[in-house]
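Visitor: Pasting a structure below so you can have a look.
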Amino acid sequence: MVNARADSTREAWLTTLDKFRHDRDRPASPDMWSPRLDAASRDELAAIQSEKLRAAVPFLYENSPFYRRRFERLGLLPGDFRSTDDLGKWPVVDKAEMMADAAEHPPYGTYTTTTDEVWAKRGWMMFSSSGSTGAPRVFRYTHVDREAWAWANARALLAMGFRPGETVFMLTGYGPHVWAWGVQYALAKMELPTIPGGGMDAKARANIILRLKPTILLCTPSYALHLGRLMQAMGHDPAATSVHTLFLAGEPALAVEPTRRRIESLWDARIVEFYGCTEASPHVGGYSCPAHRRESSPAATHLMEDIQVWEIVDPETRRALPLGQRGLTVCTNLNSESSPQLRFLVGDYTTFDAARCACGRTHLRAIGSFAGRADDLINLRGIKMFPVQIEDAVRALPGTGDEFEIVLTTDGGGLDIMTVRCEHPEAAAGGTELCRRLEQEIRSRCEVRVAAEVLAPGTLPKTEFKAQRVKDLRRKS
Ligand SMILES: [Zn+2]
291 MVNARADSTR EAWLTTLDKF RHDRDRPASP DMWSPRLDAA SRDELAAIQS
341 EKLRAAVPFL YENSPFYRRR FERLGLLPGD FRSTDDLGKW PVVDKAEMMA
391 DAAEHPPYGT YTTTTDEVWA KRGWMMFSSS GSTGAPRVFR YTHVDREAWA
441 WANARALLAM GFRPGETVFM LTGYGPHVWA WGVQYALAKM ELPTIPGGGM
491 DAKARANIIL RLKPTILLCT PSYALHLGRL MQAMGHDPAA TSVHTLFLAG
541 EPALAVEPTR RRIESLWDAR IVEFYGCTEA SPHVGGYSCP AHRRESSPAA
591 THLMEDIQVW EIVDPETRRA LPLGQRGLTV CTNLNSESSP QLRFLVGDYT
641 TFDAARCACG RTHLRAIGSF AGRADDLINL RGIKMFPVQI EDAVRALPGT
691 GDEFEIVLTT DGGGLDIMTV RCEHPEAAAG GTELCRRLEQ EIRSRCEVRV
741 AAEVLAPGTL PKTEFKAQRV KDLRRKS
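In structure tokens form, the structure reads like this:
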């Protein structure tokens, strides 16, 4: 009997997913993949979300032991969720809770709805969280997810300007990370050509850019800097290559103004970004708005609300905040067979705006984009700051190199101290003065006193993929 309910709720959920996947194979207009979804009224979006929620909740209840236990603990039943207005009854799910479940039920945990049987019949790919803190969480996705993923990403890529005539060079190792794979399948749906860039070093990639002339690069912001500098060292000018767009993800780029400028001028290219997380895949969570112009306004990232419900919660109470207030992102994912999470704490600080955008889209925008995840917040003697604030200070000093690191230690007196290390060509001659200026730049942004060290170029390790900026060596007591 239990299995029959698991199957019937799965069937109902898959039918509902299918019902709202409009314009599944090709765009219905040149600039908007699905105008009836991308430009739907806010009431229509809310109605779609609620109908999806009414099918997703019983499906989770019957197919995910993690969710079943949570319903029982909270004294709730699937029928308690009739619309998105009911979401507040469900306390947010965070990574720690998922990690505990994964530790208790290795290796997959019970927070997804992919059973061994489903995996054997329709399994597509296994992805894992990056595992920067704790054990990685694994997610098994099906071919239903693959299709939903390609469709949602294609909508976002079209919005970001991907059109016939472009060739995308994928600067990724093709590991078990969701971003590049999701883009790869979306590009296939759009019939845009790609060059796979796995299994080769930066020099080989630079040579491909020079010889095969791709127009769009997909990489992390750190890698865009690394590769551009390498090309300069090889005697080439990245700004003079065929590349006109850098498609970045994995680290904040648009939200960190000096870094954005540095990358854009190095390549003479525009930057577009994806935003998302493994847990609420399969697809983009947010994407750069096509109407957004850097000169006149802060970066704006569109979310896709017919497939996800996005909320901002208070970092302390984790309760939903009114529209326009700054807090942490929470996502209810309504576009997945395998991981339709309810109120997952993605945990980036931002502010949402629901006004209709100049690009014609009606979906929420994250204003100022996303500058950092709550997990990344550095707490130094009670003062909290993001690594990107330090990055901003380092970049403000003319002539500094691309690499920097933040080292946290405890001194002999038990006091926690922060040292920011960066590189500068004049380190030998003018190091003391440069240190003093960097310390001032940091203090003006973070209101904290730190020590600066300015080193000769080439001293710090080069970032190849995702930058590890913070070294926390503090004594824990
Ligand atoms: Zn827009």
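Its first residue numbered 291, the sequence shown is counted upward by one per residue in my numbering.
Ideal Cβ positions, reconstructed from N, Cα and C, are used throughout, including at glycine.
As the structure is a computational prediction, the values presented were derived from the model and not from experiment.
#1: What first and last residue would you give for the alpha helix (DSSP H) that runs through Cys736?
#2: Quick one: is the Cβ of Arg560 within less than 6 Å of any heavy atom of ligand 1?
#3: Would the C-beta of Ala686 count as close to ligand 1, meaning under 6 Å from any of its heavy atoms?
#4: Let me check understanding here. Comparing Cα to Cα, which of Ala390, Ala545, Arg651, Ile498 lies closest to Pro528?
#5: With three or more beta-carbon pairs closer than 8 Å as the criterion, would you say the region 464-477 touches the region 646-664?
#6: To the nearest angstrom, how far is it from the Cα of Ser659 to the Cα of Asp643?
#7: Rounded to the nearest angstrom, what separates Met291 and Asp376 at their Cα positions?
#8: Evaluate Leu536 with the Cβ neighbour count: other Cβ atoms within 10 Å of its Cβ, from every protein chain shown; 16 or more gives buried, anything less gives exposed.
#9: Are at least three pairs of beta-carbons, each pair with one atom in the region 634-649 and one in the region 564-581, less than 8 Å apart?
#10: Within 10 angstroms of its Cβ, does Tyr357 collect 16 or more other Cβ (buried), or is it exposed?
#11: Check for me: the beta strand (DSSP E) holding Arg430 runs from which residue to which?
#12: Of the residues Glu716, Glu713, Arg344, Val697, which one's Cα is nearest the Cα of Ile707?
#13: Mind listing which residues have their beta carbon within less than 7 Å of any non-hydrogen atom of ligand 1? Chain order is fine.
#14: I'd like to know whether the C-beta atoms of Tyr431 and Met415 end up nearer to each other than 7 Å.
#15: Pick out the complete alpha helix (DSSP H) segments inside the region 536-613, 4 residues or longer, and give them in chain order.
#16: Report all residues from its chain with a CB closer than 6 Å to the CB of Met322; omit the five preceding and five following residues, and keep chain order.
#17: Please look up how many angstroms separate the CB atoms of Trp600 and Cys621, rounded, as I've assumed it's under 8 Å.
#18: Of all the options Leu482, Trp469, Arg344, which has the alpha carbon lying nearest to the alpha carbon of Pro454?
Guide: With the structure as the only source:
#1: Within the sequence shown, the letter at position 446 stands for residue 736. Here the alpha helix (DSSP H) through Cys736 covers 717-736.
#2: Walking along the sequence shown from the start, residue 560 turns up at place 270. The answer is no for Arg560.
#3: Residue 686 sits at position 396 when you count from the first residue of the sequence shown. No.
#4: Your numbering for residue 528 matches position 238 in the sequence shown. Among Ala390, Ala545, Arg651, Ile498, the Cα nearest to that of Pro528 belongs to Ile498.
#5: no
#6: Position 369 of the sequence shown holds residue 659. Position 353 of the sequence shown holds residue 643. In this structure, the CA atom of Ser659 is about 11 Å from the CA atom of Asp643.
#7: As a first step, residue 291 is located in the sequence shown; it is residue number 1 there, counting from the start. As a first step, residue 376 is located in the sequence shown; it is residue number 86 there, counting from the start. Unreliable placement is indicated for Met291, whose pLDDT of 48 sits below 50; the coordinate value is still reported in the next sentence. Approximately 28 Å between the Cα atoms of the pair.
#8: The residue given as residue 536 occupies position 246 in the sequence shown. So Leu536 counts as buried.
#9: Touching, yes.
#10: Taking the first residue of the sequence shown as 1, we reach residue 357 at position 67. Its Cβ being crowded by 16 or more others within 10 Å, Tyr357 is buried.
#11: Position 140 of the sequence shown holds residue 430. Arg430 -> beta strand (DSSP E) spans 428-432.
#12: For this step, residue 707 is matched to residue 417 along the sequence shown. Checked all of Glu716, Glu713, Arg344, Val697; the closest Cα to Ile707 is Val697.
#13: Cys579, Pro580, Ala581, His582, Ala590, His592, Cys647, Ala648, Cys649, Arg651, Arg655
#14: Numbered from 1 along the sequence shown, position 141 holds the residue referred to as residue 431. Numbered from 1 along the sequence shown, position 125 holds the residue referred to as residue 415. Yes, the Cβ-Cβ distance between Tyr431 and Met415 is below 7 Å.
#15: 547-557
#16: Locating residue 322 in the sequence shown gives position 32, where the first residue counts as 1. Correct list, in chain order: Asp328.
#17: For this step, residue 600 is matched to residue 310 along the sequence shown. For this step, residue 621 is matched to residue 331 along the sequence shown. Yes, they are in contact, since the Cβ atoms of Trp600 and Cys621 sit about 6 Å apart, within 8 Å.
#18: Numbered from its first residue, the sequence shown carries residue 454 at position 164. Measuring from the Cα of Pro454, the nearest candidate turns out to be Leu482.
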